[in-house]
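Residue numbers are given in the numbering used here: position 336 of the sequence shown equals residue 336, and the series is strictly consecutive. Virtual Cβ for every residue (Gly too), placed ideally from N, Cα, C. Just so it is clear, the structure is predicted and the values come from calculations on it, not from any experiment.
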Amino acid sequence: MSDTDLLFENDDAAPILENTSLPWNILIIDDEPEVHAATRLALSDTIFQSRPLAFVSAYSAAQARELLPTLEHVAIILLDVVMETDEAGLELVRFIREELNWQATRIILRTGQPGLAPEQDVILQYDINDYKAKTELTQTRLFTSVVVALRGYRHLINLETSRAGLRQVIRAASSLHRNRSLNLFAEGVLLQLTAILDTEAHSILCTHRRSRTAAPLTVLTGSGRFSGVSASPVDLEAEIRTRLTAALAVQRHLFAGQYATLYLRTPGGREVIVYVESTRPFSELDLSLLELFGHNISIGYDNLKMWQQLNDGNQLLERRVAERTQQLTRSEADLRRFKSAVEHSSASILITDLHGIITYANPALLETSQYGLDELLGNRPSLFKSGAMPNHLFTTLWEQIRAGNSWRGELLNRRKSGTSYWEAVTISPVANDAGEITHFVAVKEDISERKRLEEELRRLATTDPLTGTLNRRSFFEQADQDVLRQESHYSTAVLMFDVDHFKLINDTFGHAAGDSVLAELAEICRANLREQDRIGRLGGEEFACLLPNTTASQAWLAAERLREAVAEHNIMFADRRQTAATISVGLALFVPGEETLDAVLSRADAALYLAKRHGRNCVRQA
């Protein structure tokens, strides 16, 4: 068998006893090809426990790191210390033991430069099994080191196999109420047989219930070449069936060269047959151990029966204890996960008692609010109030959560520094098993940036970006709403005005100057009109104003005041040039029968056109 053709057994039921049909796998890791060749030559004829050696080679630590995860059942690693670096081999030891978790594999360090890795330091600091200088490794010493290591590896594997069997037996004993508990016990029995005999064994465990009518054997499980056998023994070889029925007929153990049939009788009337084949003849010690083990199996079945009888009387109590234990375990695990999640959550989390006293605040809340934990514990959430939210909102909030419902909303809160911030808040009640509310949990997220963006979007959607006045759509929407809110909107006036000779200003001073004229015109409007008046830019240099609760004479005075303020104002441009500007104003009042802005705005527009015809810089009323 060549290195590249070497196959390693793949079995999900690890750990297992090494299969005697496979060689002992030896991995050589060394950057000197001559060392590989010499090692193979020195050990090529070695046979241990009737099994030869098979070799796999890696010529650097890096190559070994890639190769190792693909291998299985490596008994020995012959490892050079100094390869790519002075400690490449030692670093590989850590990789094997800690990352791959190969604890059974024996590691023998070999070095040609002992001074770079002193033996005492290496033995104390690293989990290795032997340390040899290459100069002292004669063929005989190499053989001795390998055989000693193989013995250690085999014993560790056998020990782990025995532990696996015990785990299976214990697992079966603790779960008798399950349908497969007997099968699990049987699997454990066969694993223990393999460990006791210290060799690969092929075994079957069957049961037979005594009755007046002949009842067939039932195969519970099998191992080795009998692994996966069906429940019916008809699939077994005729010779095996004969051996099983013979032990059942004479009701005692039957032993022969390389097989044994154990007959066990349980108090419940069930007969158990354990059939074992070995790859070597049984010794007298093997037979004694098998008889003793058979006795222990019988005792195990008696204990199972007794456990079942006791379980009939205590089943309810056991189940309740188990359920309570599981519940507590789950609760503790859930609590740990919850605590970790809350502590690392980016959301602010606050817990209060039934009276609103703060009992917990997570780090995110402390960071957002700028308060320390000692400042919050024992205090109330009202500490965060900004004073900008209506009191009835908090009244509704407390009524809702005390009634057992969650409350969701947005609050404008205040930090310790006095700055305000918006939070999306969800407050939920927490009840005990009796349904009584004991705590309230608030989960809060800082949405200040979102609110700022919403406000900015709202402003952009409703405001003319140049003048800061309402844009055309928003002016019509808000003006219509103002009109509908008036008890009598016949006392509402509309002004329409634009800049006289605006094209000449643009042509003379440039469009940037024209923009400055419009922006300053908007400022003059805001300074000379009331806060309740609506100002909007309808397009180009054309503006409109809605004046609610205004008589005809008041509207005329407002229009004249606005016209005069514009005419008296000199507009300064960025390049230090300046100009004067005038406006023409059209005035119209709502009349009976007009319910919308369109008709009165049309008449104001006609009045504006009339002002233009009369020389501009004047007010005309339709």
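In the structure shown, the three-state DSSP call for residue 89 is helix.
Exclusion of the five residues before and after residue 412 leaves 386, 388, 389, 420, 422 as the residues of its chain whose Cβ lies within less than 7 Å of its Cβ. In the structure shown, residue 24 adopts extended strand secondary structure according to DSSP, grouped into three states.
If you keep only unbroken alpha helix (DSSP H) runs of at least 4 residues inside the region 377-464, you get 391-402, 448-462. Here DSSP, grouped into helix, strand and coil, assigns residue 82 to coil.
By the 16-neighbour rule on beta-carbons within 10 angstroms, residue 58 is buried. The Cβ atoms of residue 126 and residue 93 sit closer than 8 Å to each other. The secondary-structure analysis by DSSP pairs residue 208 across a beta bridge with 271. At least 8 Å separates the beta-carbon of residue 76 from that of residue 128. Taking a cut-off of 8 Å on C-beta distances, the region 468-481 does not touch the region 371-383, as fewer than three cross pairs fall below it. Just so you know, the alpha carbons of residue 562 and residue 463 end up roughly 21 Å apart. It is roughly 39 Å from the alpha-carbon of residue 456 to the alpha-carbon of residue 610.
Residue 416 is classed as exposed because its beta carbon has fewer than 16 other beta carbons within 10 Å across all chains shown.
Under the three-state reduction of DSSP output, residue 218 falls in the strand class. Cα atoms of residue 145 and residue 113: separation of roughly 19 Å, rounded to the nearest angstrom.
Nearest neighbour of residue 265 by Cα position, chosen from 143, 331, 207, turns out to be 207. In chain order, 549, 550, 551 place their CB closer than 7 Å to the CB of residue 491, counting only its own chain and leaving out the 5 sequence neighbours on each side.
Per the C-alpha coordinates, the member of 511, 443, 442, 424 positioned closest to residue 449 is 424. As the crow flies, the alpha-carbon of residue 118 is around 20 Å from that of residue 141. Nearest neighbour of residue 350 by Cα position, chosen from 259, 283, 444, turns out to be 444. The residues 364, in chain order, have a CB closer than 7 Å to that of residue 346 in the same chain once the five nearest residues on each side in sequence are set aside.
Annotated three-state conformation of residue 242 is helix, per DSSP. Three or more beta-carbon pairs drawn from the region 600-610 and the region 585-592 are found closer than 8 Å, and the two stretches are therefore classed as touching. Just measuring C-alpha positions, the residue of 120, 48, 134, 71 sitting nearest residue 78 is 134. Shown here, residue 542 sits in a strand according to DSSP, grouped into three states. Straight-line measurement puts the Cα of residue 374 at about 14 Å from the Cα of residue 367. Counting only residues of its own chain and dropping the five nearest sequence neighbours on each side, residue 566 has a CB closer than 7 Å to the CB of 521, 524, 581, 582, 583. For residue 514, no beta strand (DSSP E) run applies; the uninterrupted alpha helix (DSSP H) run containing it begins and ends at 511-528, by DSSP.
Residue 39 and residue 278 have their alpha carbons spaced roughly 33 Å apart. Assigned with DSSP and collapsed to three states, residue 44 falls in coil, not helix or strand. For residue 616, there is no enclosing beta strand (DSSP E), as DSSP marks it with neither H nor E.
Residue 275 is positioned such that its CB atom lies no closer than 8 Å to that of residue 320. The beta carbon of residue 152 is closer than 6 Å to those of 106 in its chain, skipping five residues each way along the sequence. Taking each of 480, 45, 111, 69 in turn and checking the Cα distance to residue 101, the smallest one comes out for 69. In this structure the region 552-561 does not touch the region 501-511; the number of beta carbon pairs closer than 8 Å is below three. If the five residues before and after residue 537 are omitted, its C-beta is found closer than 6 Å to the C-beta atoms of 464, 467, 469, 543, all from its own chain and listed in chain order.
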